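Asker: Sending over a structure as structure tokens; questions will come in a sec.
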Amino acid sequence: MSDLSLVVPCKNEEESIPFFYKEAVSVLAQLAESHNIKSSEIIFIDDGSDDKTLEIIKELAKNDIRVHYISFSRNFGKEAALYAGLKRSKGKFVATLDADLQDPPEMLSQMLDALTKESFDCAATRRATRSGEPVVRSFFARCFYKLMAKLCDIEVVDGARDFRLMSRKYVDAVVSLYEKSRFSKGIFPWVGFKTKWFSYDNRERIAGKTKWSFYKLFLYSLDGITAFSVKPLMLASVLGFISVIISFFLIVFIVVRKILFGDPVAGWASMVCIILFLGGLQLFSIGILGQYLSKIYIETKNRPLFIVREEK
Ligand code: UDP
Ligand code: MG
Numbered sequence: 003m004s005d006l007s008l009v010v011p012c013k014n015e016e017e018s019i020p021f022f023y024k025e026a027v028s029v030l031a032q033l034a035e036s037h038n039i040k041s042s043e044i045i046f047i048d049d050g051s052d053d054k055t056l057e058i059i060k061e062l063a064k065n066d067i068r069v070h071y072i073s074f075s076r077n078f079g080k081e082a083a084l085y086a087g088l089k090r091s092k093g094k095f096v097a098t099l100d101a102d103l104q105d106p107p108e109m110l111s112q113m114l115d116a117l118t119k120e121s122f123d124c125a126a127t128r129r130a131t132r133s134g135e136p137v138v139r140s141f142f143a144r145c146f147y148k149l150m151a152k153l154c155d156i157e158v159v160d161g162a163r164d165f166r167l168m169s170r171k172y173v174d175a176v177v178s179l180y181e182k183s184r185f186s187k188g189i190f191p192w193v194g195f196k197t198k199w200f201s202y203d204n205r206e207r208i209a210g211k212t213k214w215s216f217y218k219l220f221l222y223s224l225d226g227i228t229a230f231s232v233k234p235l236m237l238a239s240v241l242g243f244i245s246v247i248i249s250f251f252l253i254v255f256i257v258v259r260k261i262l263f264g265d266p267v268a269g270w271a272s273m274v275c276i277i278l279f280l281g282g283l284q285l286f287s288i289g290i291l292g293q294y295l296s297k298i299y300i301e302t303k304n305r306p307l308f309i310v311r312e313e314k
């Protein structure tokens, strides 16, 4: 068992890995001095890269026994990569961080303090600001976090990064959640424990480019909501109930009007509007049901989260 494990998911990071490794090694050397971290391991997860990522990692592993890797048979996504790394890690403390140095490894020192000196189980990070991000993306991200806060019983922190330092107990708890649609931002608060938050200013990635498009982020957020809240299912019933009440009063109104004034101009336009409205409401509700049904479908297949092609 080593003292500290670094878990690093990599998808096409050939340009970033050398920078990351250099930085990580120097931070580990400092931690050996300051925090008595005697043994450590760096676990790279090659998430189906189609550039030289794996070759570079293998080269590092040849020269440094602390370097380990898991190479997936194809791209399974960052969540699966993180899971694989956490499961594989043996450290008393485990940190997850990106290969692009957007998660500054030098922060590990103060994060370790929180776990060793202040009895926290997890040191988590969040972005202090959203500067440098496109305005539209920031706007939708904020809306998403507000919606999450309303819908979920767990607290999903705005701007939370996947950069964390965790105790063994915490990691074991996270790994014990073996669900297929993994949404870390929800899984971490769900397992509980005591978490200390650190803020830091947003950094540009050291090299390469981000793998997230706006569309991917949108799908990811929908996934997050349906993975952690069943309230959208209730929404369908509530909307249905409201429209029944409204239509009941409308029927009473029409019947009374008919009795008092006879049959005035027939309301074709309003009829079409109502039919469209109710049709839309039904499709919307079926859509929500479908989201949950698809989750059950995926979970019952019980396929593995990832498949390993080679590892060391
Ligand atoms: N990543 C991964 N699999 C993927 C996409 C990304 O392992 O399918 C890794 C990527 O190599 C990086 C981290 O996850 O180390 C964060 O990705 P990225 O920098 O693209 O995201 P951002 O920092 O822009 O949120
Ligand atoms: Mg990044």
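Start counting the sequence shown at 3; every next residue gets the next number (the working numbering).
Every residue gets a Cβ at the ideal spot worked out from N, C-alpha and C, and that includes glycine.
Note that the coordinates shown come from a computational prediction; the quantities given were computed from them, not determined experimentally.
(1) What separation, rounded to the nearest whole angstrom, lies between the Cα atoms of E181 and S296?
(2) In whole angstroms, give me the CA-to-CA distance for K119 and V69.
(3) Within 8 Å: the Cβ of R207 and any heavy atom of the ligand MG?
(4) Which residue's Cα is closest to the Cα of K94: V173, M113, Q104?
(5) So what does A126 bridge to, in DSSP terms?
(6) Please report the distance separating the alpha-carbon of M71 from that of P11.
(7) Does the count of Cβ pairs from the region 196-209 and the region 79-97 closer than 8 Å reach three?
(8) Following a CB-centred definition, is D100 positioned closer than 8 Å to any heavy atom of the ligand MG?
(9) Can you find at least 3 beta carbon pairs, one from the region 228-247 and one from the region 279-292, that sit closer than 8 Å?
(10) Does E181 come out as helix, strand or coil in the three-state DSSP assignment?
(11) Below 8 Å, is the gap between the Cβ of T212 and the nearest heavy atom of the ligand MG?
(12) State buried or exposed for V158, treating a residue as buried only when at least 16 other CB atoms are found within 10 Å of its CB.
(13) Give the range of the beta strand (DSSP E) segment to which R132 is assigned.
(14) Among K233, L221, D5, F308, which one has its Cα closest to the Cα of L41?
(15) Work out the CA separation of I44 and Q112 for me, nearest whole Å.
(16) Specify, as a first and last residue, the run of the beta strand (DSSP E) that D102 falls within.
(17) What does a CB cutoff of less than 7 Å around F146 pick up in its chain, not counting 5 residues either side in sequence?
Answerer: On the basis of the data shown:
(1) Along the sequence shown, read from residue 1 onward, the residue named residue 181 stands at position 179. Along the sequence shown, read from residue 1 onward, the residue named residue 296 stands at position 294. Looking at the two C-alpha atoms, the distance is approximately 14 Å.
(2) Within the sequence shown, numbered from 1, the residue matching residue 119 stands at position 117. Within the sequence shown, numbered from 1, the residue matching residue 69 stands at position 67. Distance between the alpha carbons of K119 and V69 is about 28 Å.
(3) Along the sequence shown, one-based indexing puts residue 207 at 205. Yes - the ligand MG has a heavy atom lying nearer than 8 Å to the Cβ of R207.
(4) Counted from its first residue, the sequence shown places residue 94 at position 92. Minimum Cα distance to K94 is reached at V173.
(5) Within the sequence shown, residue 126 is the residue found at index 124, counting from 1. Note: A126 sits in a beta bridge opposite R166, W199.
(6) The residue you call residue 71 lines up with position 69 of the sequence shown. The residue you call residue 11 lines up with position 9 of the sequence shown. With the sequence shown as reference, residue 71 is identified as Tyr, and Met is not the correct amino acid for it. Each residue's CA atom was taken as its position, placing Y71 and P11 some 10 Å apart.
(7) Contact between the region 196-209 and the region 79-97 is absent, because fewer than three Cβ pairs lie under 8 Å.
(8) The residue given as residue 100 occupies position 98 in the sequence shown. Correct: D100 has its Cβ closer than 8 Å to the ligand MG.
(9) Remark: three or more beta-carbon pairs, one from each stretch, lie closer than 8 Å, so the region 228-247 and the region 279-292 are flagged as touching.
(10) As a position in the sequence shown, residue 181 is number 179, starting the count at 1. E181 falls in the coil class under three-state DSSP.
(11) For the purposes of this step, residue 212 is taken as the residue at position 210 of the sequence shown. Under cutoff, so the answer is yes.
(12) Here residue 158 refers to the residue found at position 156 of the sequence shown. By the Cβ neighbour-count rule, V158 is buried, with 16 or more other Cβ atoms within 10 Å of its own.
(13) Taking the first residue of the sequence shown as 1, we reach residue 132 at position 130. Premise fails: R132 is in no beta strand (DSSP E) and is neither H nor E.
(14) What you label residue 41 is simply residue 39 of the sequence shown in a count that begins at 1. Reading off the sequence shown, one finds Ser at residue 41, where the question assumed Leu. Shortest Cα-Cα distance from S41 to any of K233, L221, D5, F308 involves D5.
(15) Taking the sequence shown and counting its residues from 1, the one referred to as residue 112 is at position 110. Taking the sequence shown and counting its residues from 1, the one referred to as residue 44 is at position 42. Taking the straight line from one Cα to the other gives about 19 Å.
(16) Start at 1 with the first residue of the sequence shown, and residue 102 comes out as number 100. No beta strand (DSSP E) holds D102; DSSP gives it neither H nor E.
(17) Taking the first residue of the sequence shown as position 1, residue 146 is located at position 144. Residues S223 of the same chain have their beta carbon placed closer than 7 Å to that of F146, with the five preceding and five following residues left out of the count.
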